[in-house]
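Input: a single structure, listed below in structure tokens.
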Amino acid sequence: MDLDAFAWLLTDDGQRLLARATEMESSGSALSVQTALRKDETAERVAAAMTQIDLRQKAAAKFGDLAPRMYFTPDGLEQATRLAVAHHRAARLRAFDAASVIDLGCGIGGDLIASSRAGLTAAGVDHDPERVAVAQANLDALGLPGAVTVADATGVDHSPFDVAYADPARRGAKGRVFSAEGWTPPWSWVETLFERDACVKVAPGIPHDLVPGEVEAEWVSDRGEVKEAALWSGSLASTHRRATVIGERGLATLTSEDDPGGEVGGVAEFLYEPDGAVIRAGLVTAVAAGVQGHLVDEHIAYVTSSASFETPFARGYQVLEELPYREKQLKAALRERGIGKLTIKKRGVQVVPEQLRKRLALSGSAEATIVLTRVAGEGTCLLVRPF
């Protein structure tokens with residue numbers, strides 16, 4: 002990003018250019034818009050405006066109706082927390098009576114926005130001047146209080162704030178960094194935050210054994226997608242493991258206190274596919290308890306029950322019948338039923354649904370869903386109907 006061009010974009014003249022470019026882009030190609038705008042402005046300023054228009058469109062999935070008023074960098078948008086998840090985190094802080102939070106690596110300010118909207122006194126630091134400029138611009142554009150400055154998070158005194166929040170960067174110049182010590186800041190520094198009231202956002206694939214025993218690990222999904230894990234320490238930790246599911250009907254949460262353990266048994270009339278956050282949190286047996294059921298296999302995240310339940314923590318299916326698991330016999334069974342459109346769900350078996358569907362050479366007008374999995378260690382194919 003050209004910082005000078007971005008700073009100019011925030012001026013009255015820059016805002017007029019951005020508004021004009023946005024209006025023109027809605028009815029013309031990006032190339033034609035740039036060509037027209039360069040008659041009156043420099044290439045750098047036009048590029049800055051067009052970049053923001055493109056990023057705002059991409060940001061709608063994360064920031065909804067706020068996106069058209071916000072500013073972004075490509076990598077900052079990629080790493081930003083989805084707003085619904087950030088709002089959940091800020092609400093948790095308010096529920097614990099926190100009044101202030103410092104974001105140690107604030108990026109473009111997504112979490113700062115959520116914290117400020119929740120009424121918290123929010124401050125952010127980041128080592129990247131571009132991200133700091135964008136974060137401050139976002140707070141200003143949305144009319145939110147908050148302070149942002151360029152600083153190395155590891156050298157900041159965060160003790161005056163009720164909560165320290167960090168989102169270590171898990172990408173470097175060569176791509177994704179899988180070693181926690183290779184994050185920026187590194188895991189060895191992150192661990193020091195757990196000595197106080199803190200929240201650290203990490204990848205949902207974080208190994209359970211990396212989480213200190215006194216820290217709460219919360220996995221969060223938004224509309225069926227597992228977005229992150231958050232580690233809560235100090236007085237903010239209220240359980241060992243938690244799965245939080247955000248959906249169209251609101252938010253639901255499941256904790257290790259809800260998990261009595263579970264048994265394994267045969268397939269009953271209904272099958273449940275737990276949400277990814279539940280699976281990551283290791284709370285599949287808690288879902289089984291909630292639907293009065295059991296696991297189909299001790300190593301597979303499918304639950305079965307003789308009762309039909311609506312639960313935010315799993316998708317439910319009625320089991321219609323068991324079909325042959327072997328491919329040749331399965332192909333014949335599907336053809337016999339006139340199934341031409343097939344949804345293939347699988348878990349715990351070496352199957353590539355797209356390749357299998359092609360080999361099955363489906364024909365017919367009926368639609369169906371099958372589940373390929375293991376039941377008591379044996380490959381099994383179930384014909385199911387979502388409910």
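The number in this note's numbering is simply the position in the sequence shown, starting from 1, with 1 added. A virtual CB, placed ideally from N, CA and C, is assigned to each residue, including glycine.
Per the C-alpha coordinates, the member of F162, W190, Q80, Y326 positioned closest to D104 is F162. In terms of CA proximity to L145, G110 leads the group V164, G110, E45. By the Cβ rule, the stretch 120 to 138 counts as touching the stretch 147 to 154, because three or more pairs are nearer than 8 angstroms. Taking a cut-off of 8 angstroms for Cβ pairs, the stretch 331 to 342 and the stretch 295 to 313 do not touch, as fewer than three such pairs fall below it. Counting only residues of its own chain and dropping the five nearest sequence neighbours on each side, V285 has a CB closer than 8 angstroms to the CB of G263, P275, V279, L296, A302, V304. DSSP, reduced to helix, strand and coil, places W220 within a strand of the structure shown. Rounded to the nearest whole angstrom, the C-alpha separation of V265 and T381 is 15 angstroms. Boundaries around A85 are those of the alpha helix (DSSP H), 84 to 96, since no beta strand (DSSP E) includes it. L10 has its alpha-carbon roughly 16 angstroms from the corresponding atom of E24. Listed in chain order, the non-local C-beta contacts of A44 below 6 angstroms within the same chain number zero, local neighbours out to five positions each way being set aside. L78 is a Cβ neighbour of L56, given a cutoff of 8 angstroms. Judged by DSSP in its simplified three-state form, A230 adopts strand. Using a C-beta cut-off of 8 angstroms, the stretch 81 to 98 makes contact with the stretch 60 to 69, since at least three inter-stretch Cβ pairs fall below that distance. Contact between the stretch 222 to 239 and the stretch 184 to 204 is present: 3 or more CB-CB pairs across the two stretches fall below 8 angstroms.
Taking the Cα of S117 as reference, the smallest distance to any Cα among G108, A92, R327 is reached at A92.
At a Cβ-Cβ threshold of 8 angstroms, L32 and L18 do not count as neighbours. The closest CA to that of P69, considering only G108, V157, A22, is found on A22.
The criterion of a C-beta distance shorter than 8 angstroms is not satisfied by V221 and P313. When the five nearest sequence neighbours on each side are left out, the beta carbons in the same chain lying within less than 6 angstroms of the beta carbon of T370 are those of T344, V385, in order along the chain. Between A218 and V212, the gap from beta carbon to beta carbon is short of 8 angstroms.
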